[in-house]
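Numbering (the working numbering), first residue to last: 37 to 182.
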């Protein structure tokens with residue numbers, strides 16, 4: 037348990053550094069590969085602006101956001117809805133002989149009461165080197181990092 041705690045603390049301390057260091061996404065379709073360098077701060081800032089406040093959730097908005105980048109990268113994916121507007125997306129990248137790894141996240145966020153924010157919770161803002169916005173340190177940030 038101590039090792040997991042130490043790893044979690046290290047990840048927590050370095051998350052912003054890793055997030056802002058650049059994300060390389062490799063997509064493979066058949067034998068063709070595409071590589072794109074995406075600015076994670078720009079992506080996360082854009083994703084903060086995608087309204088997925090729950091209720092009602094509107095995860096279909098997040099699915100559309102992710103789909104545009106997966107299309108750009110040539111990564112195949114599937115989508116579905118558990119209820120109207122409650123979208124889900126899954127994609128699979130082919131790997132080698134090693135066991136698979138599943139990355140999972142939710143895309144809805146709890147409401148951000150504007151009275152307690154210095155700026156609009158759905159409008160990302162950088163102040164003093166930190167990115168602020170609804171979901172930045174929750175699963176929206178995790179999703180972009182993945």
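Note that beta-carbon positions come from the ideal geometry of N, C-alpha and C, so glycine has one too.
Exercise. By a C-beta neighbour count over all protein chains shown, 10 Å radius and 16 as the cutoff for buried, is residue 162 buried or exposed?
Worked result: Counting from 1 along the chain shown, the entry for residue 162 is found at position 126. That one is exposed.
Exercise. Is it right to say residue 116 is buried, meaning 16 or more other beta carbons lie within 10 angstroms of its own, or is it exposed?
Worked result: Within the chain shown, residue 116 is the residue found at index 80, counting from 1. So residue 116 counts as exposed.
Problem set entry | Straight-line Cα distance separating residue 118 from residue 167 | Position 131 of the chain shown, counted from the first residue, corresponds to residue 167. Position 82 of the chain shown, counted from the first residue, corresponds to residue 118. Using only the alpha carbons, I get a separation of about 32 Å.
For this session: Spatial neighbours of residue 190 within its chain, please: CB distance less than 8 Å, with the 5 preceding and 5 following residues excluded, ordered by chain position.
Result: In the structure displayed, the chain extends from 37 to 182; residue 190 sits before or after that span and is not available.
For this session: Report all residues from its chain with a CB closer than 6 Å to the CB of residue 147; omit the five preceding and five following residues, and keep chain order.
Result: Your numbering for residue 147 matches position 111 in the chain shown. Taking C-beta separations shorter than 6 Å and ignoring five residues to either side along the sequence, the partners of residue 147 in its chain run 89, following chain order.
Problem set entry | For residue 134, the three-state DSSP class (helix, strand or coil) | For the purposes of this step, residue 134 is taken as the residue at position 98 of the chain shown. Residue state, collapsed to three classes: coil.
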